[in-house]
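Respectively, the protein sequence lines represent chains A and B. Residue numbers for the first sequence follow numbering that gives the first Met the number 0, so the first one is 0 and each next one is one higher. Residue numbers for the second sequence follow numbering that gives the first Met the number 0, so the first one is 0 and each next one is one higher. Below is one structure, written out as structure tokens; comments come after it.
Number of protein chains: 2
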Amino acid sequence: MAEQLKDLADDRALLGRTSTAERVSDILRSRIAEGYFPPGTRLSEDSIGGALGVSRNTLREAFRLLTHERLLVHELNRGVFVRVLTVEDVEDIYRTRRLVECAVVRGLGEPPYGLDGLAGAVQEGRTAAREGDWKSVGTANIHFHRELVALAASERTAELMRSVFAELRLAFHVVDEPQQLHEPYIARNVAILEALQGGDREKAEGLLAGYLDDSLERVVEVYRRRVGEDG
Amino acid sequence: MAEQLKDLADDRALLGRTSTAERVSDILRSRIAEGYFPPGTRLSEDSIGGALGVSRNTLREAFRLLTHERLLVHELNRGVFVRVLTVEDVEDIYRTRRLVECAVVRGLGEPPYGLDGLAGAVQEGRTAAREGDWKSVGTANIHFHRELVALAASERTAELMRSVFAELRLAFHVVDEPQQLHEPYIARNVAILEALQGGDREKAEGLLAGYLDDSLERVVEVYRRRVGEDG
DNA sequence: CCGTAGAGGATTGTTCAACGATCCCTCAAT
DNA sequence: ATTGAGGGATCGTTGAACAATCCTCTACGG
């Protein structure tokens with residue numbers, strides 16, 4: 000009986016997931032991720048609320064959810080805008096990634112580790128690369144690092160990084176040169192995975208640090224060219 | 000001229016800070032932090048909205064802000080409650096702290112470091128301890144670790160930890176044995192500070208890790224006794 | 001005495017309309 | 001070219017209304 004009650008408690012999370020605002024935020028989030036609403040776009044309460052058929056209050060709650068995820072910025076009496084990352088934002092994102100991701104690897108216990116998620120993300124990236132779908136390679140890349148963070152088994156850490164990765168996608172979208180942005184890292188992800196499979200945390204951490212340093216440099220370089228003067 | 004414009008731009012953040020919902024959430028946040036609303040308290044829309052003189056919609060928006068910060072939990076058709084952390088929450092908080100705080104220390108560059116903030120927090124703790132104000136000792140303790148995280152100079156990391164420390168305060172309120180909870184760590188903070196002043200990152204990291212492990216053990220032990228059976 | 005079903009009151013969930021405040025754009029004047 | 005005033009649009013906040021849900025108290029039957 001206790002078992003069944005426990006199972007029910009697990010299902011409860013799915014049950015409570017029927018909030019209009021959450022569904023609206025899901026829609027907007029994917030629209031932003033796919034570039035339908037590019038960075039800088041203003042999201043009007045009236046037009047979007049009208050188009051989706053929800054009240055302003057509900058829409059505003061959805062905006063707040065996304066603002067909290069840093070995908071939107073809220074300006075008083077002006078409305079919400081799709082975030083435009085500054086170069087400093089990108090640098091801080093990578094600073095956070097380096098701090099947390101390396102710490103996760105360093106903090107792993109004794110091998111073997113549960114690396115199925117990582118291996119799956121690597122496979123996902125290889126498949127997408129074979130088909131020349133570089134945007135999906137970028138997504139797979141993010142999945143790889145999300146799985147990496149998941150190894151820490153910490154809900155709060157995972158949530159922080161989920162938000163950081165969502166932000167990073169904004170930067171990728173501005174850059175919009177997916178192949179040269181993502182292709183070089185497929186092999187490096189494989190190397191990290193193999194180091195972990197071999198139980199060599201130290202090597203994995205070193206590879207990861209180098210990876211992030213190089214990636215930052217490349218993203219910033221292209222990003223600075225692209226973002227020009229608007230802030 | 001360009002200098003002055005830059006300074007003004009910095010002040011702009013302070014200017015735009017006026018939203019009723021945000022101000023309400025600020026008030027509630029500090030009330031929760033100081034224990035005026037202990038964990039488990041239900042926050043009625045009617046009474047609080049009436050007392051603060053704001054409408055239900057505005058108040059609900061403030062509730063949402065605090066819910067996103069994990070300080071409140073929302074139960075459908077029952078209202079919002081000050082969060083009651085589970086033992087698993089406390090463990091995850093310390094897991095995150097250990098991961099991030101140790102990584103910050105490890106990631107410091109070459110000494111000397113800007114340790115004024117840390118020294119100030121240590122002084123704050125000593126003063127409070129001398130006056131027997133153990134709750135303030137706990138606050139100073141949190142300040143110490145917040146300053147420690149600030150050494151990473153990462154906005155995102157700092158924000159994550161700010162939220163984590165706010166949660167931690169919830170646990171302290173449940174325990175409510177401030178002296179034995181906070182006193183032992185004054186000396187350990189001093190030791191960490193001195194290690195950093197001496198430029199010995201590795202020693203500081205070791206001290207910090209031991210600190211966090213001991214603190215977790217103590218908090219969980221007392222917490223488990225206190226929290227009993229209510230969920 | 002105990003447990004259960006049901007009625008009633010209280011609280012929350014959601015939407016809507018309205019009004020003041022703020023911002024942005026336009027245009028005229030210096 | 002810069003400044004200032006006006007008008008339109010949008011946001012911020014409030015208040016009210018109604019449905020849905022929860023909690024408490026009562027009454028009934030075993």
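Even for Gly, the Cβ is constructed at its ideal location relative to N, Cα and C. Just so we're clear, the structure is a prediction, and the values are computed from it rather than from any experiment.
Less than 8 angstroms separating the beta-carbons of residue i and residue j?
i: Thr156(A); j: Ser153(B); result: no
i: Leu84(A); j: Ala170(A); result: yes
i: Phe80(B); j: Leu71(B); result: yes
i: Ile141(A); j: Phe164(A); result: yes
i: Ala102(B); j: Ala102(A); result: yes
i: Asn56(B); j: Asn56(A); result: yes
i: Leu235(A); j: Ala20(A); result: Chain A is shown only over 0 to 230; residue 235(A) falls outside these bounds and no answer can be derived.
i: Pro110(B); j: Gly198(B); result: yes
i: His172(A); j: Gly78(A); result: no
i: Val166(B); j: Ile92(B); result: Contrary to the premise, residue 166(B) reads as Glu rather than Val in this sequence. Going by C-beta atoms, Glu166(B) is nearer than 8 angstroms to Ile92(B).
i: Glu100(B); j: Val136(B); result: no
i: Ala151(A); j: Gly113(A); result: no
Please report the straight-line C-alpha distance between residue i and residue j, rounded to a whole angstrom.
i: Asp25(B); j: Ile191(B); result: 32 angstroms
i: Gly205(B); j: Ala194(A); result: 26 angstroms
i: Glu220(A); j: Glu201(A); result: 29 angstroms
i: Gly39(B); j: Glu182(A); result: 50 angstroms
i: Ala232(A); j: Val23(A); result: Limits of chain A in this structure are 0 at one end and 230 at the other, which puts residue 232(A) out of reach.
i: Gln3(A); j: Leu42(A); result: At Gln3(A) the pLDDT is 35, less than 50, meaning the model places this residue with poor confidence and gives no usable figure here.
i: Glu216(B); j: Glu90(A); result: 36 angstroms
i: Asp88(B); j: Arg223(B); result: 12 angstroms
i: Ala127(B); j: Ser18(B); result: 34 angstroms
i: Ala139(B); j: Gly116(B); result: 11 angstroms
i: Ala8(B); j: Arg225(A); result: Confidence at Ala8(B) is low in this model, with a pLDDT of 49, below 50, so the placement of that residue is unreliable and no value is reported for it.
i: Gln179(B); j: Gly124(B); result: 14 angstroms
i: Val104(A); j: Arg28(A); result: 30 angstroms
i: Ser162(A); j: Glu68(A); result: 6 angstroms
i: Ala32(B); j: Gln122(B); result: 21 angstroms
i: Gly15(A); j: Asp132(B); result: With a pLDDT of only 39 at Gly15(A), under 50, the local geometry of the prediction cannot be trusted, and no value is derived from it.
i: Asp6(A); j: Arg97(B); result: The predicted position of Asp6(A) is uncertain, since its pLDDT is 37 and thus under 50; a value taken from the coordinates is nonetheless stated next. C-alpha separation (whole angstroms): 31 angstroms.
i: Phe62(A); j: Val86(A); result: 24 angstroms
i: Arg168(A); j: Glu60(B); result: 28 angstroms
i: Leu159(B); j: Pro177(B); result: 25 angstroms
i: Ser54(B); j: Leu211(A); result: 48 angstroms
i: Asp45(B); j: Asp45(A); result: 29 angstroms
i: Glu228(A); j: Asp213(A); result: Because the pLDDT at Glu228(A) is just 43, under 50, the model does not fix this residue reliably, and the point stays unresolved.
i: Val174(A); j: Leu207(A); result: 22 angstroms
i: Val218(A); j: Ala203(A); result: 22 angstroms
With DSSP run on the structure shown, which of helix, strand or coil describes residue i?
i: Phe80(A); result: strand
i: Glu21(B); result: helix
i: Leu75(A); result: coil
i: Arg69(B); result: coil
i: Gly52(A); result: coil
i: Phe36(A); result: coil
i: Gly124(B); result: helix
i: Leu150(A); result: coil
i: Val219(B); result: helix
i: Gly106(A); result: coil
i: Leu244(A); result: The structure shown has nothing for residue 244(A), since chain A only spans 0 to 230.
i: Asp132(A); result: coil
i: Gly198(A); result: coil
i: Gly113(B); result: coil
i: Glu193(A); result: helix
i: Thr95(A); result: helix
i: Thr156(B); result: helix
i: Asp88(B); result: helix
i: Asp175(A); result: coil
i: Glu204(B); result: helix
i: Glu166(A); result: helix
i: Glu182(A); result: coil
What does residue i pair with, by DSSP beta-bridge criteria?
i: Arg41(A); result: Phe80(A)
The ligand PLP and residue i: does the residue's C-beta get closer than 7 angstroms to at least one heavy atom of that ligand?
i: Val72(B); result: The ligand PLP is absent from the structure shown, which contains no ligands of any kind.
Checklist entry - In chain order, what residues of the region 83-98 of chain A put their CB closer than 8 angstroms to some CB of chain B? => result Asp91, Ile92, Arg94, Thr95, Arg97 and Leu98
Checklist entry - Between the region 53-73 of chain B and chain A, which residues of the former have CB atoms less than 8 angstroms from a CB of the latter, in chain order? => result Asn56, Glu60, Arg63, Leu64 and His67
Checklist entry - In chain order, what residues of the region 17-31 of chain B put their CB closer than 8 angstroms to some CB of chain A? => result Thr17 and Ser18
Item to check | Residues, ordered as in the chain, of the region 100-111 of chain B that lie near chain A by beta-carbon distance below 9 angstroms | outcome: Cys101, Ala102, Val103, Arg105 and Gly106
Next on the checklist: At a CB distance below 7 angstroms, what residues from the region 149-161 of chain B approach chain A? Give them in sequence order.
Outcome noted: Ala151, Ser153, Glu154, Arg155, Thr156 and Leu159
Checklist entry - Taking Cβ-Cβ distances below 8 angstroms as the criterion, which residues of the region 214-225 of chain B are in contact with chain A? => result none
Next on the checklist: By the 9 angstroms beta-carbon criterion, what residues does the region 161-183 of chain B contribute toward chain A?
Outcome noted: Ser162, Val163 and Glu166
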